[in-house]
Amino acid sequence: MIKKIITRGLNRPIARRSFLRGAAAFGVAGAFPAIITRRAYAADAPTVVNSIRSLSNPYHATWNKGGAAFAKAVGAEYVTLVTEGNSEKGIADIKAILAKTGGNCVINVDPNDSPDARPIVEACKAAGAYVVTQWNKPNDLHPWDHDPNYVAHISFSGVPYGKAMAEALIKAMGGKGGIVALGGIESNVPAIERKAGLMQALKDNPGVELLDMQVANWSATEALEKTNAWLTQFGDKIGGIWAANDDMALAAVEALRADGRASKVPVTGIDGIQLAVEAVLKGEMAGTVAWDPFWQGGMGLAIGYNAKTGKFDPAKEPKEHREFYGTGVTITSENAQAFYDSNIKAEPTLDWNDIWGRASGQIQYS
Amino acid sequence: MTATPEELASPQPRRARRWRVASWAPVMVLVLLCIIITFINPNFMTFGNLVRISQSAMIPLVLGIGATFIILMGSIDLSVEGVLTLGAVMLSMLVLNGANANDYGIVGVFIVLLTGAAVGFINGVIHVRLKVPSFMATLGTWFIGVGIANALLGGMATRINDPWIRGLAVQRFLGFPWGVWLALFCLAVALVIQNYTRLGRYIYALGGGEELAALSGISTARVRITTFTLAGIFYAVGGILAAAQLGLGNAQIGNGRLFTTITAVVVGGTSLSGGQGSVLQTLVGVLIVVVLSNGMVLMGVPPSVQIGVQGLMIIAAVALSMDRKLMRIVK
Numbered sequence: 000m001i002k003k004i005i006t007r008g009l010n011r012p013i014a015r016r017s018f019l020r021g022a023a024a025f026g027v028a029g030a031f032p033a034i035i036t037r038r039a040y041a042a043d044a045p046t047v048v049n050s051i052r053s054l055s056n057p058y059h060a061t062w063n064k065g066g067a068a069f070a071k072a073v074g075a076e077y078v079t080l081v082t083e084g085n086s087e088k089g090i091a092d093i094k095a096i097l098a099k100t101g102g103n104c105v106i107n108v109d110p111n112d113s114p115d116a117r118p119i120v121e122a123c124k125a126a127g128a129y130v131v132t133q134w135n136k137p138n139d140l141h142p143w144d145h146d147p148n149y150v151a152h153i154s155f156s157g158v159p160y161g162k163a164m165a166e167a168l169i170k171a172m173g174g175k176g177g178i179v180a181l182g183g184i185e186s187n188v189p190a191i192e193r194k195a196g197l198m199q200a201l202k203d204n205p206g207v208e209l210l211d212m213q214v215a216n217w218s219a220t221e222a223l224e225k226t227n228a229w230l231t232q233f234g235d236k237i238g239g240i241w242a243a244n245d246d247m248a249l250a251a252v253e254a255l256r257a258d259g260r261a262s263k264v265p266v267t268g269i270d271g272i273q274l275a276v277e278a279v280l281k282g283e284m285a286g287t288v289a290w291d292p293f294w295q296g297g298m299g300l301a302i303g304y305n306a307k308t309g310k311f312d313p314a315k316e317p318k319e320h321r322e323f324y325g326t327g328v329t330i331t332s333e334n335a336q337a338f339y340d341s342n343i344k345a346e347p348t349l350d351w352n353d354i355w356g357r358a359s360g361q362i363q364y365s
Numbered sequence: 000m001t002a003t004p005e006e007l008a009s010p011q012p013r014r015a016r017r018w019r020v021a022s023w024a025p026v027m028v029l030v031l032l033c034i035i036i037t038f039i040n041p042n043f044m045t046f047g048n049l050v051r052i053s054q055s056a057m058i059p060l061v062l063g064i065g066a067t068f069i070i071l072m073g074s075i076d077l078s079v080e081g082v083l084t085l086g087a088v089m090l091s092m093l094v095l096n097g098a099n100a101n102d103y104g105i106v107g108v109f110i111v112l113l114t115g116a117a118v119g120f121i122n123g124v125i126h127v128r129l130k131v132p133s134f135m136a137t138l139g140t141w142f143i144g145v146g147i148a149n150a151l152l153g154g155m156a157t158r159i160n161d162p163w164i165r166g167l168a169v170q171r172f173l174g175f176p177w178g179v180w181l182a183l184f185c186l187a188v189a190l191v192i193q194n195y196t197r198l199g200r201y202i203y204a205l206g207g208g209e210e211l212a213a214l215s216g217i218s219t220a221r222v223r224i225t226t227f228t229l230a231g232i233f234y235a236v237g238g239i240l241a242a243a244q245l246g247l248g249n250a251q252i253g254n255g256r257l258f259t260t261i262t263a264v265v266v267g268g269t270s271l272s273g274g275q276g277s278v279l280q281t282l283v284g285v286l287i288v289v290v291l292s293n294g295m296v297l298m299g300v301p302p303s304v305q306i307g308v309q310g311l312m313i314i315a316a317v318a319l320s321m322d323r324k325l326m327r328i329v330k
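Protein chains in written order, with numbering that gives the first Met the number 0: chain B, 0 to 365; chain E, 0 to 330.
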């Protein structure tokens with residue numbers, strides 16, 4: 000069959016012997032790099048892998064930069080896998096990289112959906128790879144049930160930061176007035192937690208009234224429309240706008256700008272993307288929270304890498320190092336300039352050996 | 000409403016009258032909506048809110064105009080979000096911005112329009128020359144457009160600092176932002192193309208019956224490619240307006256726009272099977288969709304119910320505007 004194709008391609012017949020000789024040479028040439036690679040993998044540092052949703056949002060793009068920075072620091076090969084919001088693709092890509100590296104890898108994954116974490120962890124354990132999960136996993140899946148391969152799970156509680164932003168907003172408003180709130184997708188855990196934080200802050204500040212809360216699905220376009228409608232409905236009664244993420248907060252700022260009220264009505268977001276930090280610097284936003292995806296992308300790998308290379312034994316670590324809340328950075332006008340200079344203008348410098356430095360308590364399930 | 004070829008072609012007054020009632024249904028829905036919302040929240044009918052509705056309507060309107068021409072031909076164009084995203088991202092990198100030293104101003108705008116035209120042209124060529132159904136061809140260019148936008152920005156967002164571009168959303172003329180006037184200008188251009196050019200008539204002819212049109216000597220391939228190119232330019236205008244409105248370009252700026260666009264066109268009474276409808280009807284459809292989403296916030300409809308109400312609205316508007324007596328088969 001192959002001979003037939005080659006014959007047709009060259010447009011002349013080739014002798015059986017020279018065909019076989021060519022095929023043999025081809026086969027040897029093909030096998031040679033395979034052997035080299037196999038040996039290189041055995042001797043080399045483990046491959047470090049980040050599996051994230053996409054590279055089209057600033058959050059995950061920064062995550063990816065953190066991963067690359069860590070890989071460079073330890074001289075490991077770095078691979079980025081992108082799920083594009085497709086759970087099957089996410090799991091299949093991870094299985095492919097496990098097969099390719101023969102399990103000599105460390106995987107830091109933001110699972111596309113909570114149920115995905117289980118097959119990912121099981122596949123890693125079967126292959127002997129080490130895995131760290133972030134944000135999403137089923138509540139009954141615990142790292143200590145899959146020792147030592149499932150090193151840790153990292154999440155961030157939305158409640159304290161949703162509350163901190165509401166408090167920053169209320170402070171900027173002078174402690175009284177009406178606010179409107181833009182929520183994320185109603186069924187998302189971060190959206191629910193951040194909203195709960197907002198509600199706590201409102202309870203503590205009876206002088207502030209929540210005029211309305213709308214769901215804008217994390218989307219700038221929807222947030223712009225909702226804010227426009229509010230400007231009609233409440234007009235000057237709006238003293239502040241709380242948004243569950245920065246994209247929506249920035250859209251609210253633009254709606255205010257079209258109305259000639261940008262930087263007169265304080266707005267807060269959450270996520271700490273560059274444009275939001277710049278808006279805080281300009282006084283158009285009253286605050287945001289940086290999760291520091293650079294840390295998540297790099298330190299997630301660092302934790303797994305140190306376990307894989309035997310620096311510590313995951314099974315001997317306490318539970319608050321196995322399933323923990325990371326620490327967000329609250330950014331307001333007071334520290335925005337310092338944060339901007341050290342995290343955005345320059346590439347952040349992290350101590351990759353300080354793996355538990357931002358662990359702030361074991362994750363609680365309600 | 001404007002005269003459709005069906006009207007021109009059918010001398011019987013009875014049939015013409017029936018069509019006309021059906022085509023006015025969306026307008027009646029719009030008026031009814033406005034009355035109900037004003038009744039519940041009188042703030043709806045203030046000048047300030049009309050301006051805000053016009054701001055929300057300007058982007059769906061230019062996108063809808065482009066899509067109307069395609070749907071009139073009986074094709075479909077899914078590349079709306081791709082072209083819009085690519086246009087917005089390119090614009091944000093070409094005019095004065097926060098990421099690089101470019102400051103091409105109006106030249107940048109023309110480059111974006113040309114890119115829109117090029118993507119539309121590619122859509123048309125793939126569709127006509129490779130005989131790929133428009134659904135698949137434009138689905139492909141949608142992803143390619145978003146993909147290029149992603150690659151250009153690497154997932155980040157670029158702030159636009161060009162005062163002229165920002166002025167489209169912020170500066171006003173007679174109380175309305177310049178972007179709204181730009182959208183109305185696009186509508187006027189589209190009306191001229193639809194009613195007073197050969198291309199406009201050919202588009203209706205293709206939608207009404209392509210084989211008949213081809214037998215009459217119309218170069219259907221050329222009409223299709225030209226129309227896709229034209230639609231691409233309108234989507235690029237939408238991209239410029241979207242970037243101006245949010246003051247930035249990012250690869251997610253187009254998310255959800257395709258659905259609004261097609262909904263607005265169909266709710267306005269343009270038939271997905273082609274040949275019936277007009278850009279003016281799309282204006283009505285866009286206003287229905289925008290007024291409804293603005294009104295639901297004003298009326299205090301709970302967020303969880305809003306999307307369901309939008310669905311009901313789509314079915315109601317289409318059901319009212321359809322002329323069932325002319326239809327035998329519904330696919």
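Quick reminder that beta carbons are idealized off the backbone N, C-alpha and C, glycines included.
Check: What does B:Ala180 pair with, by DSSP beta-bridge criteria?; Outcome: B:Met212, B:Trp241
Check: Residues of the segment 206-228 of chain B with a CB closer than 8 Å to any CB of chain E: list them in chain order, please.; Outcome: Asp211, Met212, Gln213, Val214, Ser218, Ala219, Thr220, Glu221, Leu223, Glu224, Lys225, Asn227, Ala228
Check: Nearest chain E C-beta to B:Gln232 closer than 8 Å, yes or no?; Outcome: yes
Check: What is the DSSP secondary structure of B:Val108, reduced to helix, strand or coil?; Outcome: strand
Check: Any beta carbon of chain B sitting closer than 8 Å to that of E:Ser78?; Outcome: no
Check: Just confirm the distance between the C-beta atoms of E:Phe175 and E:Ser53, as a whole number of angstroms; I'd bet it's less than 8 Å.; Outcome: 6 Å
Check: With 8 Å set as the bound, which would you pick, yes or no: does the beta-carbon of E:Arg14 sit closer than that to a beta-carbon of chain B?; Outcome: Reliability fails at E:Arg14, whose pLDDT of 48 lies under 50, so the model's placement of it is uncertain and no value is given.
Check: Work out the CA separation of E:Val288 and E:Gln309 for me, nearest whole Å.; Outcome: 8 Å
Check: According to the Cβ coordinates, are E:Leu183 and E:Val278 closer than 8 Å?; Outcome: no
Check: Using the beta-carbon count (16 or more within 10 Å), is E:Leu45 buried or exposed?; Outcome: Looking at the sequence shown, residue 45 of chain E is not Leu but Thr. Label assigned to E:Thr45: exposed.
Check: Which residues of the segment 139-166 of chain B have a Cβ closer than 8 Å to any Cβ of chain E? Give them in chain order.; Outcome: none
Check: Going by CA-CA distance only, name the one from B:Pro57, B:Ser53, B:Ser50 that's closest to B:Asp246.; Outcome: B:Pro57
Check: If you measure from the beta carbon of E:Leu7 to each beta carbon in chain B, is any gap under 8 Å?; Outcome: In this prediction, E:Leu7 scores a pLDDT of 48, lower than 50, which makes its location untrustworthy; no coordinate-derived value is stated.
Check: Looking at the secondary structure, which residues open and close the alpha helix (DSSP H) in which E:Gly86 lies?; Outcome: 79-93
Check: Cα-Cα, which of B:Gly161, B:Lys170, B:Val105, B:Asp211 is closest to B:Tyr149?; Outcome: B:Val105
Check: Does the structure place the segment 236-244 of chain B close enough to the segment 171-183 of chain B that three or more beta carbon pairs sit under 8 Å?; Outcome: yes
Check: Using three-state DSSP, classify B:Ile153 as helix, strand or coil.; Outcome: strand
Check: Return yes when the Cβ of B:Trp217 is within less than 8 Å of the Cβ of B:Gly183, no when it is not.; Outcome: yes
Check: Among the candidates B:Ala163, B:Asp350, B:Gln232, whose CA atom is the shortest distance from the CA of B:Thr287?; Outcome: B:Ala163
Check: Since E:Leu167 and E:Trp177 should fall inside the 8 Å C-beta cutoff, what is the C-beta to C-beta distance between them, to a whole number of angstroms?; Outcome: 5 Å
Check: Compare the C-alpha of E:Arg200 against each of E:Val188, E:Glu210, E:Val222 and name the closest.; Outcome: E:Val222
Check: Can you give me the start and stop residues for the beta strand (DSSP E) that B:Leu80 sits inside?; Outcome: 77-81
Check: Report yes or no: is there a C-beta of chain B within less than 8 Å of the C-beta of E:Gly153?; Outcome: yes
Check: In chain B, which residues lie less than 9 Å from E:Ser333 when you measure between Cβ atoms?; Outcome: Residue 333 of chain E is absent from the structure shown; chain E starts at 0 and stops at 330.
Check: Any Cβ of chain B within less than 8 Å of the Cβ of E:Gly246?; Outcome: yes
Check: Within the same chain, show all residues whose beta-carbon is closer than 6 Å to that of B:Thr82, passing over the 5 residues directly before and after it, in chain order.; Outcome: Arg52, Lys88, Gly89, Asn111
Check: Can you tell me which of the three DSSP states E:Asn96 falls into?; Outcome: strand
Check: Do the segment 86-101 of chain E and the segment 240-251 of chain E meet, that is, are 3 or more Cβ pairs less than 8 Å apart?; Outcome: yes
Check: Identify the contact partners of E:Asn48 in chain B, using a Cβ-Cβ distance below 9 Å as the criterion.; Outcome: Asn227, Ala228, Leu230, Thr231, Gln232
Check: Rounded to whole angstroms, how far is the Cβ of E:Thr140 from the Cβ of E:Gly81, which I believe are closer than 8 Å?; Outcome: 6 Å
Check: Between E:Leu232 and E:Ala116, how many whole angstroms is the CB-CB distance? I'm expecting something under 8 Å.; Outcome: It is Ile, not Leu, that sits at residue 232 of chain E in the sequence shown. Correct: roughly 5 Å between the Cβ atoms.
Check: For a cutoff of 8 Å on Cβ pairs, would you count B:Leu54 as touching chain E?; Outcome: yes
Check: Quick check on the burial criterion: 16 or more other C-beta atoms within 10 angstroms. Buried or exposed for B:Arg357?; Outcome: buried
Check: With a 10 Å radius around its C-beta and 16 neighbouring C-beta atoms as the bar for buried, classify B:Asn138 as buried or exposed.; Outcome: exposed
Check: Going along the chain, which unbroken runs of the beta strand (DSSP E) with 3 or more residues stay wholly within the segment 316-363 of chain B?; Outcome: 322-324, 328-331
Check: What first and last residue would you give for the beta strand (DSSP E) that runs through E:Val290?; Outcome: Taken as a continuous stretch (DSSP letters only), E:Val290 belongs to no beta strand (DSSP E), being part of the alpha helix (DSSP H) at 278-297.
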